[in-house]
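Read left to right, the first sequence gives residues 251 to 459 (this note's numbering).
Note that CB positions come from ideal geometry on N, CA and C, so glycine has one too.
All figures in this text were calculated on a predicted structure; none of them were measured in a lab.
All remarks here apply to the structure that follows.
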Amino acid sequence: MGMRPNVLLDKCNWSLLRIFRVIVQEGSLNKAAIKLFLTQSAISQSLKRLEEQIGETLIIRTGGKFYLTATGEIVFEASMMIYSQLMDYEERLNTEKNSLSGTIKLLVLSRIESTRYDQLLHDFHQKYPLVDFQVDVLKSKEIQQLLLQKIPALGIGINQSQHSKLKYQTLINQKYALFCSDKHSLYTKMFKVLNKLKVMDLFLFRVSN
DNA sequence: GCTAGTATCTCAATCTTGTC
DNA sequence: GACAAGATTGAGATACTAGC
């Protein structure tokens, strides 16, 4: 008396079991073909190959009637368990992929007020909740120097000149204005030509150095 | 790199069954 | 019996793999 070979372990491939699972779930070769984007012929041949490998009929097809044999029930149960296990692994793999963690050093100017900036930080945190930001407030020139030393991953500053080794992207368009007191001769005056201002006594500050 | 074998697919023809 | 829907079969194409 010979032992029954391990047909499921040794001979079956996942592709055939997968097709078989869909056939049973859909209750029709035709519907399975539509679901799997294959032809009816391919489905029929796959089922035939699976039955040949197992050595037994799995599905009784007599016209409109469609039902599983005892062996078919067992194979279907096996295919569902394998499918469930693979789905679990798939989920774990996706979780691993999204579990980026660590700390990003972010160098910024003081008083950045921008909905885009806020949204950027918010979206990043939603996507990578395990990533922390270490935010340091510095001058633009210092930010650029540290970026060139590859210390932070990201810097936000004001740059009048761009360095060839850094990549720049506009984050915010800010407006600057002149302010003067009501005692000043410029108060309420409108200027269209900035050159006129250069000859006057003004308090100036440099924003990027 | 070439060749043979295998697996899997599509296409077209044919068969089977149910419905009118 | 005619027709439609679903299933099967055979031929051929393509992709992959192992052996040389």
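Asked: Is the distance from the Cβ of Leu266 to the Cβ of Ser296 below 7 Å?; Found: yes
Asked: Considering only C-alpha positions, which residue in the set Ser278, Ala282 and Gln303 is nearest to Ile310?; Found: Ser278
Asked: Do you know whose CA, among Lys391, Ile324 and Arg268, lies nearest Arg299's CA?; Found: Arg268
Asked: Tell me, please, whether the segment 410 to 420 touches the segment 356 to 371 by the rule of three or more beta-carbon pairs shorter than 8 Å.; Found: no
Asked: Apart from the five residues just before and just after Asn459, which ones in its own chain have a Cβ nearer than 8 Å to its Cβ?; Found: In this prediction, Asn459 has a pLDDT of 42, which is less than 50 and means its spatial position is unreliable; what the coordinates show is noted afterwards. If we look at Asn459 and ignore the five residues flanking it on each side, its Cβ neighbours are Lys389, Ser390 and Lys391.
Asked: So for Lys389, helix, strand or coil by DSSP?; Found: coil
Asked: Just how far apart, CA to CA, sit His375 and Val381?; Found: 7 Å
Asked: Can you give, in chain order, each stretch of the beta strand (DSSP E) that sits fully within the segment 332 to 370 and has at least 3 residues?; Found: 352 to 358
Asked: Helix, strand or coil: which one does DSSP assign to Gln419?; Found: coil
Asked: Are Val325 and Leu308 closer than 7 Å when you measure CB to CB?; Found: yes
Asked: Where does Leu404 fall in DSSP's three states?; Found: strand
Asked: So the candidates are Thr345, Leu416, Ser435 and Gln394; which of them puts its Cα closest to the Cα of Gly407?; Found: Gln394
Asked: Could you check the C-alpha separation between Asn263 and Leu396 for me, to the nearest Å?; Found: 55 Å
Asked: Entirely within the segment 259 to 285 and at least 4 residues each: give me those alpha helix (DSSP H) ranges in chain order.; Found: 264 to 276 and 279 to 285
Asked: Quick one: using the 10 Å Cβ neighbour count with 16 as the cut-off for buried, is Phe287 buried or exposed?; Found: exposed
Asked: According to DSSP, what are the bridge partners of Arg311?; Found: Phe316
Asked: Going by the beta-carbon positions, is the gap between Phe270 and Ser334 smaller than 7 Å?; Found: no
Asked: Please classify Glu302 as buried or exposed, where buried requires at least 16 neighbouring CB atoms within 10 angstroms.; Found: exposed
Asked: Within the same chain, show all residues whose beta-carbon is closer than 6 Å to that of Gln384, passing over the 5 residues directly before and after it, in chain order.; Found: Thr353 and Lys355
Asked: Use the C-beta contact count for Val274: other C-beta atoms within 10 angstroms, 16 or more gives buried, fewer gives exposed.; Found: buried
Asked: I need the straight-line Cα distance from Leu371 to Ser291, nearest angstrom please.; Found: 53 Å
Asked: Beta-carbon within less than 7 Å of Lys285's beta-carbon, same chain only, minus the 5 sequence neighbours each way: which residues are those?; Found: Val272 and Glu276
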